[in-house]
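Take a look at the structure below.
There are 2 protein chains.
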Amino acid sequence: MTRTSDLDSKGFTAFAPATVANVAVGFDILGFALQSVGDRVTVRAQSSEQVTIEEISGLAVAKNISLDPSQNTAGVPLIQMLRDLKPGFGFSVRIEKGIPLGSGLGGSAASGVGAVVAVNALLRKEFLKEDLSPDQLIHYALEGEAIASGAKHADNVAPCLLGGLTLSRPGEHPDVVSLPCPKSVFAVVVNPSMQLNTKDARGVLKSEISLKMHSQQSARLAAFIAGCCTSDLALLKKGFEDLVVEPQRAHLIPGFFAVKQAAMDAGVLGCSISGAGPSVFALTSDQGIALNAKQAMIAAFKSAGLDAQGWISPMGSAGARIV
Amino acid sequence: MTRTSDLDSKGFTAFAPATVANVAVGFDILGFALQSVGDRVTVRAQSSEQVTIEEISGLAVAKNISLDPSQNTAGVPLIQMLRDLKPGFGFSVRIEKGIPLGSGLGGSAASGVGAVVAVNALLRKEFLKEDLSPDQLIHYALEGEAIASGAKHADNVAPCLLGGLTLSRPGEHPDVVSLPCPKSVFAVVVNPSMQLNTKDARGVLKSEISLKMHSQQSARLAAFIAGCCTSDLALLKKGFEDLVVEPQRAHLIPGFFAVKQAAMDAGVLGCSISGAGPSVFALTSDQGIALNAKQAMIAAFKSAGLDAQGWISPMGSAGARIV
Chain A
61 MTRTSDLDSK
71 GFTAFAPATV
81 ANVAVGFDIL
91 GFALQSVGDR
101 VTVRAQSSEQ
111 VTIEEISGLA
121 VAKNISLDPS
131 QNTAGVPLIQ
141 MLRDLKPGFG
151 FSVRIEKGIP
161 LGSGLGGSAA
171 SGVGAVVAVN
181 ALLRKEFLKE
191 DLSPDQLIHY
201 ALEGEAIASG
211 AKHADNVAPC
221 LLGGLTLSRP
231 GEHPDVVSLP
241 CPKSVFAVVV
251 NPSMQLNTKD
261 ARGVLKSEIS
271 LKMHSQQSAR
281 LAAFIAGCCT
291 SDLALLKKGF
301 EDLVVEPQRA
311 HLIPGFFAVK
321 QAAMDAGVLG
331 CSISGAGPSV
341 FALTSDQGIA
351 LNAKQAMIAA
361 FKSAGLDAQG
371 WISPMGSAGA
381 RIV
Chain B
61 MTRTSDLDSK
71 GFTAFAPATV
81 ANVAVGFDIL
91 GFALQSVGDR
101 VTVRAQSSEQ
111 VTIEEISGLA
121 VAKNISLDPS
131 QNTAGVPLIQ
141 MLRDLKPGFG
151 FSVRIEKGIP
161 LGSGLGGSAA
171 SGVGAVVAVN
181 ALLRKEFLKE
191 DLSPDQLIHY
201 ALEGEAIASG
211 AKHADNVAPC
221 LLGGLTLSRP
231 GEHPDVVSLP
241 CPKSVFAVVV
251 NPSMQLNTKD
261 ARGVLKSEIS
271 LKMHSQQSAR
281 LAAFIAGCCT
291 SDLALLKKGF
301 EDLVVEPQRA
311 HLIPGFFAVK
321 QAAMDAGVLG
331 CSISGAGPSV
341 FALTSDQGIA
351 LNAKQAMIAA
361 FKSAGLDAQG
371 WISPMGSAGA
381 RIV
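As they're listed, the protein sequences go chains A and B.
If you're matching positions, the first sequence starts at 61 in this note's numbering and goes up one per residue.
If you're matching positions, the second sequence starts at 61 in this note's numbering and goes up one per residue.
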C-alpha cells in the first residue's frame, strides 16, 4: 500500500505523562502519574489504511526507537485498533519524547497511551459516535507495553491514562481501579543519566520468594494502601518499605543507597526505585522537604558519577489528555 | 509456693471475642472480631505471687487444655506480667471457653487477651494508676499465642483486643493498626464439628511462592484493603480471592469447596477459610443473604458428614472488655 493524502491535516495531539510504577511495595500492580513530564503523540488520519510513524523527536535518540510500527509501543496498539475497528482510514503518527528512554518512568507506556488517546479523539470525530472506554484504551495500550517490557503489566499504562494512583492486576486482565491518594502528597523523582533495560531489570529478580517475606511485604502493602485511602501519612510511611524487589535491583543503580539516604535525611516519607529504575522517587507532604530532597538526591547521584535531573509533582496528577 | 487467701474475692471478668484471621488475602496479617462468640476469663488477686489456673469450663474438654500456667495461653502472658510488673500479689484465673478448640476462630488468642484485659483492670484497681497501653497488652497476649500456634502472629490477638479489622506484621513487632471496615458488612461464620491443629495447618504450606503469585495476590490484597477503607463493596469483592493459602489448606476441610460454593450461590461477596480452619467465613452486606448463606453452608458441611454451627456478626464488632 502507498500512503496518499491526509484526510485531516490537523489531527489530534495527546500529552501522556511519565509514571512511577511499583511504588515501592506494589510490584507490578501500583503506579501514579507525574505532572509535567511526558510524551506528546500526534495522530492524523491518512487514506492509506495502515499505521505510519512519521517522526520521533525530542529526548529520544532516533536510533533507539524503531519507526517500524510493529516494533514501536505507539505503533502496535494502533495496528490492533485498525484491525478491530476498521475505520476506513489509517493513522499517521508523530511522537515527541519528553520521557528519557530506559529511565523507569514509563516512557514506552506513555507513547502507547498517547497514541490511543489521540486516535480515540480522531475516531470520535471521524468515525465513532462516542469515546472508547478506559478499559478498551488500556487494552490497546498494553499491546505496546508487551513489546517494550516483555510482559503485559498495566502499572504504567493505567496511571498514564487515568492519572492519580492506580491498581492493576498483572497479566491479560488488569482490572484497573483508581485508588484515592492523599491530596497533600508530592512525589520527588530524580532521573540519573543512564539507561536500564526493563527486561534486564526483570531478569535479576528471583522467581520465588519465601511465604514469610510475602506476608511481611503484604503487611506493608496493606498499610500503604490504607494510608493512601485514609490520607494517613504515618500509615503510608509504615507501608513504604519494599522488602522484595528493591534489595534485588539496588545494585543496578550506582549510588542508590546514598540517594535514598539523602532523601530520607531530608525528611521524606519514603524513597525507592521508580519502575525498573534507574530513576528514584520519594514522597513527602512538605514542599520544602521536597525541594531539599530533590537537590540532595541529585547531589548523591553526582557523587556516584552520574548527572541527574529531578522533578516535583503532586502524587494525584492528571492522566493523558488531548492538548 | 502454696496458694493463700484471695486479696479480692470479686476480681474482674473479661469477655474476649472469637476472631477471623487471615481474612482470605491477608495471611498472617489481617483479622476481625466477632460479636457474641468468645471466651470469658476471670482473674482474682491472690497473695501467693504466682499464676494459678483454677478451672477451665465451657465448650472445652478439660483434658485438651493444660491447667499448668506455663503451658496455657492465658497463663503464659500472666507469668510474664507478674515478672515484669511485680505487683506484690499473684493471679488466680478461671477460664470459660466459648470458642471451640481448634476451630480456626482464635480461641487461644481470646483466652490470652481475656486474661491480660482482666489483669489490666485488676492492676489499675490494686496497683497501677493507669491502664497498660494496647501495645503492652498485645505484647503480653502474644506470649501465649507462641505456645498455641508455634509463632508470634498478632492476627487473632489484635482484633480480639481492639475489635474491628486490624492489620499487624508477622513476628516480634506486630505494629498493629486498626483499619476502617464497612459498617454495613456482616460476617457469616460456620464451624464444623472437627478440630484442626494450627501447627499442622501451617505445616502443609509451601515455604516459597512464585514472585508472579505474590504480585497477583498483592493486587487482590490492595483491592480488599481499599474496598474496606472506602466502603466500596465491589472493590472488596474483587480483592476476596486467596490464591496462596486457601488452595493449600482446602483439602484439610471436608466439603470446603461445596461450603464455599453454597455461600457464593447465596450471593456473598466472598468466602474463605477462617484462620487455619476448619471454620469457614463469608462476608455480605445483606442480612437476608447472610441468613441464607449460613443455612446453606451448614447444610453443605452436613452433606460432607460434619455437623456445623454458624453465627452472623457485624464485621466491625467490639474487642475484649470487662463484663
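Think of the CB as a built atom: it goes at the ideal place given N, C-alpha and C, for glycine as much as any other residue.
- Query: Could you give the distance in angstroms between the alpha-carbon of B/N180 and the alpha-carbon of B/V383?
  - Reply: If you number the second sequence from 1, residue 180 of chain B lands on position 120. If you number the second sequence from 1, residue 383 of chain B lands on position 323. Spanning the two alpha carbons is a distance of roughly 13 Å.
- Item | chain A contact for B/K320 (CB, 9 Å cutoff) | Start at 1 with the first residue of the second sequence, and residue 320 of chain B comes out as number 260. It does not; no Cβ of chain A falls within 9 Å.
- Item | Alpha-carbon to alpha-carbon, B/G162 and A/V304 | If you number the first sequence from 1, residue 304 of chain A lands on position 244. If you number the second sequence from 1, residue 162 of chain B lands on position 102. Each residue's alpha carbon lies about 33 Å from the other.
- Item | Coil, strand or helix - B/F72 by DSSP | On the second sequence, position 12 is the one that residue 72 of chain B refers to. Correct three-state label for B/F72: strand.
- For B/G299, the nearest candidate out of A/Q276, A/Q321, A/V236 and A/F341 (CA to CA): Within the second sequence, the letter at position 239 stands for residue 299 of chain B. Among A/Q276, A/Q321, A/V236 and A/F341, the Cα nearest to that of B/G299 is on A/V236.
- Item | First through last residue of the alpha helix (DSSP H) which encompasses B/G330 | The residue you call residue 330 of chain B lines up with position 270 of the second sequence. No alpha helix (DSSP H) holds B/G330; the beta strand (DSSP E) holding it covers G330 to I333.
- Task: Specify the secondary structure class of A/F246 as computed by DSSP and reduced to three states.
- Result: Against the first sequence, residue 246 of chain A aligns to sequence position 186. Strand.
- Query: Of the residues B/E114, B/V101 and B/V85, which one's Cα is nearest the Cα of B/A380?
  - Reply: Here the question's residue 380 of chain B lines up with position 320 in the second sequence. Looking from the CA of B/A380, the closest CA among B/E114, B/V101 and B/V85 belongs to B/V101.
- Rounded separation between A/I116 and A/L312 - CA only: Sequence index remark: in the first sequence, residue 116 of chain A carries index 56 (1-based). Sequence index remark: in the first sequence, residue 312 of chain A carries index 252 (1-based). Straight-line Cα distance between these residues: approximately 28 Å.
- Message: Does chain A have any CB closer than 9 Å to the CB of B/D195?
- Response: The count along the second sequence starts at 1 and reaches residue 195 of chain B at position 135. Not an interface residue.
- Using only alpha-carbon positions, find the residue among A/S339, A/V328, A/A286 and A/V136 that is nearest to A/E306. On the first sequence, position 246 is the one that residue 306 of chain A refers to. The residue with the shortest Cα to Cα distance from A/E306 is A/S339.
- Message: Distance check for B/R229 and A/P242, CA to CA, integer angstroms please.
- Response: By 1-based counting over the first sequence, the position of residue 242 of chain A is 182. By 1-based counting over the second sequence, the position of residue 229 of chain B is 169. Between A/P242 and B/R229, the C-alpha separation is close to 23 Å.
- Should B/E205 be labelled buried (16 or more other beta-carbon atoms within 10 Å of its own) or exposed? Along the second sequence, one-based indexing puts residue 205 of chain B at 145. Buried, since its Cβ has 16 or more Cβ neighbours within 10 Å.
- Message: Is it buried or exposed, B/T62, if we count other Cβ atoms within 10 angstroms and call 16 or more buried?
- Response: Numbered from 1 along the second sequence, position 2 holds the residue referred to as residue 62 of chain B. Low local confidence applies: a pLDDT of 35 at B/T62 is under 50, so the model's placement there is unreliable, with the coordinate-based value given in what follows. Result: exposed.
- Where the stretch 289 to 321 of chain B meets chain A: residues whose CB sits under 8 Å from a CB there: C289, T290, L295, K298 and V304
- Message: So B/G86 contacts chain A; which residues on that side make the cut at Cβ distance below 8 Å?
- Response: Working through the second sequence from its first residue, we reach residue 86 of chain B at position 26. Correct list: S278 and A282.
- Task: Determine, using beta-carbon pairs with one atom in the stretch 200 to 215 of chain B and one in the stretch 359 to 372 of chain B, whether at least three such pairs fall under 8 Å.
- Result: no
- Message: Just list the residues that DSSP pairs B/V103 with in beta bridges.
- Response: Start at 1 with the first residue of the second sequence, and residue 103 of chain B comes out as number 43. Looking at the DSSP assignment, B/V103 forms a beta bridge with B/F72 and B/V153.
- Does DSSP classify A/Q347 as helix, strand or coil? Here residue 347 of chain A is taken as the residue at index 287 of the first sequence, counted from 1. Of the three classes helix, strand and coil, the one that applies to A/Q347 here is helix, per DSSP.
- Message: Assuming the contact rule is C-beta atoms closer than 8 Å, B/G158 and B/L127 should be a hit. Round their C-beta distance to whole Å, please.
- Response: Locating residue 158 of chain B in the second sequence gives position 98, counting from the first residue. Locating residue 127 of chain B in the second sequence gives position 67, counting from the first residue. Actually they are not in contact, since the Cβ atoms of B/G158 and B/L127 sit about 18 Å apart, beyond 8 Å.
- Message: If distances are taken between C-alpha atoms only, which option among A/L165, A/I207 and A/P137 comes closest to A/A175?
- Response: Counting from 1 along the first sequence, the entry for residue 175 of chain A is found at position 115. Looking at the Cα atoms, A/P137 is the closest of the given residues.
- Locate the beta strand (DSSP E) running through B/S193, then write down its first and last residues. Locating residue 193 of chain B in the second sequence gives position 133, counting from the first residue. Element bounds for B/S193: n/a, residue is neither H nor E.
- Message: I'd like to know if the stretch 72 to 90 of chain A and the stretch 333 to 353 of chain A are in contact, where contact means that at least 3 CB-CB pairs between them fall below 8 Å.
- Response: yes
- For B/F316, which residues from the same chain have a beta carbon less than 6 Å from its beta carbon, with the 5 sequence-adjacent residues on both sides left out? Within the second sequence, the letter at position 256 stands for residue 316 of chain B. Around B/F316: A310.
- Provide the residue(s) that pair with A/G98 in DSSP beta bridges, ordered along the chain. Sequence index remark: in the first sequence, residue 98 of chain A carries index 38 (1-based). A/G98 pairs with A/P77.
- Chain-ordered chain B contacts of A/D235 [CB-CB under 9 Å]: Position 175 of the first sequence, counted from the start, is the residue given in the question as residue 235 of chain A. Neighbours of A/D235 on chain B, chain order: A279, A283 and K298.
- Item | Per-residue DSSP class, three states only, for B/S209 | Against the second sequence, residue 209 of chain B aligns to sequence position 149. Shown here, B/S209 sits in a helix according to DSSP, grouped into three states.
- Task: Examine chain B for any beta-carbon lying closer than 9 Å to the beta-carbon of A/I269, and answer yes or no.
- Result: Within the first sequence, residue 269 of chain A is the residue found at index 209, counting from 1. Yes, contact with chain B.
- Task: Going by CA-CA distance only, name the one from A/P147, A/S168 and A/F151 that's closest to A/K189.
- Result: Within the first sequence, the letter at position 129 stands for residue 189 of chain A. Among A/P147, A/S168 and A/F151, the Cα nearest to that of A/K189 is on A/P147.
- Item | Length-filtered (4 minimum) alpha helix (DSSP H) runs lying within the stretch 213 to 267 of chain A | 217 to 222 and 258 to 263
- Using a cut-off of 8 Å between C-beta atoms, extract the partners of B/L227 located in chain A. In the second sequence, residue 227 of chain B corresponds to position 167, counting from 1. Ordered by position in chain A, the residues that pass the 8 Å Cβ test against B/L227 are A279, A282, A283 and A286.
- What do you reckon, are the CB atoms on A/A286 and B/L265 nearer than 9 Å? Here residue 286 of chain A corresponds to residue number 226 of the first sequence, with the count starting at 1. Here residue 265 of chain B corresponds to residue number 205 of the second sequence, with the count starting at 1. No. Outside cutoff.
- Task: Given a cut-off of 9 Å, decide if B/P194 and B/F92 are closer than it, judged by their beta-carbon atoms.
- Result: Sequence index remark: in the second sequence, residue 92 of chain B carries index 32 (1-based). Sequence index remark: in the second sequence, residue 194 of chain B carries index 134 (1-based). No; because the gap between Cβ atoms is not below 9 Å, this pair is not in contact.
- Item | Proximity test, Cβ basis, 9 Å: A/G337 and chain B | Sequence index remark: in the first sequence, residue 337 of chain A carries index 277 (1-based). No, A/G337 lies away from the interface with chain B (no Cβ there is under 9 Å from its Cβ).
- Measure from the alpha carbon of B/F187 to the alpha carbon of each residue in B/A105, B/V328 and B/S275, then state which is nearest. Counting from one through the second sequence, the residue named residue 187 of chain B turns up at place 127. Nearest of B/A105, B/V328 and B/S275 to B/F187, Cα basis: B/A105.
- Please decide whether A/P240 counts as near chain C, where near means a Cβ-Cβ distance under 9 Å. Considering every chain present, this structure includes no chain C. Its protein chains are A and B.
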